[in-house]
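Trainee: 1 is the number of the first residue of the sequence shown in the numbering used here; add one for each residue after it.
Just so it is clear, CB atoms sit at the ideal spot from N, CA and C, and this is done for glycine as well.
Predicted model only: the values in this text are computed from it and were never measured.
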Amino acid sequence: MLPHVDAEILIPGARALVIDATVAHQVKAKVIAPISNAPVTLEGEEVLARADILSMPDIITNVGALIASFAQHLGADISQTKKLIVEIISQNLTSVFEDQVKRDIPKKKANAIALQRLEEITKSEKIGALRFLSPWIRNLGVKSMLISFKEYAALSFRS
Numbered sequence: 001m002l003p004h005v006d007a008e009i010l011i012p013g014a015r016a017l018v019i020d021a022t023v024a025h026q027v028k029a030k031v032i033a034p035i036s037n038a039p040v041t042l043e044g045e046e047v048l049a050r051a052d053i054l055s056m057p058d059i060i061t062n063v064g065a066l067i068a069s070f071a072q073h074l075g076a077d078i079s080q081t082k083k084l085i086v087e088i089i090s091q092n093l094t095s096v097f098e099d100q101v102k103r104d105i106p107k108k109k110a111n112a113i114a115l116q117r118l119e120e121i122t123k124s125e126k127i128g129a130l131r132f133l134s135p136w137i138r139n140l141g142v143k144s145m146l147i148s149f150k151e152y153a154a155l156s157f158r159s
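1) In the DSSP assignment, what are the bridge partners of Val31?
2) Taking Ile59 and Ala114 to be in contact with their CB atoms under 8 Å, please state how far apart those CB atoms are, rounded to whole angstroms.
3) Closest to Ala29 by CA distance: which of Ser55, Asn111, Glu119 is it?
4) Pull up the distance between the alpha-carbon of Gln91 and that of Pro39, whole angstroms please.
5) So, are the CB atoms of Glu45 and Ile105 less than 7 Å apart?
6) Please classify Ile32 as buried or exposed, where buried requires at least 16 other C-beta atoms within 10 Å of its C-beta.
7) Near Ile78, what residues of its chain come up, given a Cβ to Cβ distance below 8 Å and the 5 sequence neighbours on each side ignored?
8) Using CA atoms only, rank isn't needed, just tell me which of Val23, Lys82, Ala65 is closest to Ile53.
9) Using only alpha-carbon positions, find the residue among Asp20, Ile35, Ile67 that is nearest to Ala49.
10) Of all the options Val86, Phe70, Leu118, Lys108, which has the alpha carbon lying nearest to the alpha carbon of Thr41?
11) Spatial neighbours of Ser159 within its chain, please: C-beta separation below 6 Å, excluding the five flanking residues on both sides.
12) On a Cα-Cα basis, can you pick out the residue from Gln72, His4, Glu119, Asn62 that is closest to Leu93?
13) Is Asp20 helix, strand or coil when you go by DSSP?
What follows is the structure in C-alpha cells.
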C-alpha cells in the first residue's frame, strides 16, 4: 500500500487491518473507500477522523457482490442488479453520513445500524420468507449470521 501517494481516494483492496495508526498518519488521500474486509484498525479510524479524512465503512463499500448474488438469485437482470447495488449502497452511505459529526467514526455508526437492522429482521416475520429465498440464509441461519456480524464488529473495534 502506498498511503503517502497524493491521491483523492485510497482504495485498500486486499488485506485486513493494514491501515493502523502509523499508516493512517501517512495517508494523504481525502477519502478511504475500502473493497476489502476491515482494512482499517480502530486506532487507524481515529487518526483518520482527527485528520478529517473520510473513511467509508467497508461493510457498505464492499457489499456489491453480495447484493448482486442475492438479486440474481431472485431473477434480476444485469441492469436491475446494477441499479439495486447503487441504490442500496447509496442509501446506506446516506444513513451513515447524513448526521455525521466531525471526527465521528463512520464505521462505528455503520456497524450499529447494521446490528439494529439484523435484530429487527430476526424479530420480524419477513425472515421466514428470506429463509426460503436464499440457500445461504437457510443453511447458516439468521442467528449465526447475527453472531458472526457481532464478532466481526468486536474485532474491528476492540479497545
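Mentor: Per the coordinate set shown:
1) Ile9, Leu54
2) 6 Å
3) Ser55
4) 22 Å
5) yes
6) buried
7) none
8) Val23
9) Asp20
10) Lys108
11) Note that Ser159 scores 42 on pLDDT, short of 50, meaning its location in the model is unreliable and no value can be drawn from it.
12) Asn62
13) coil
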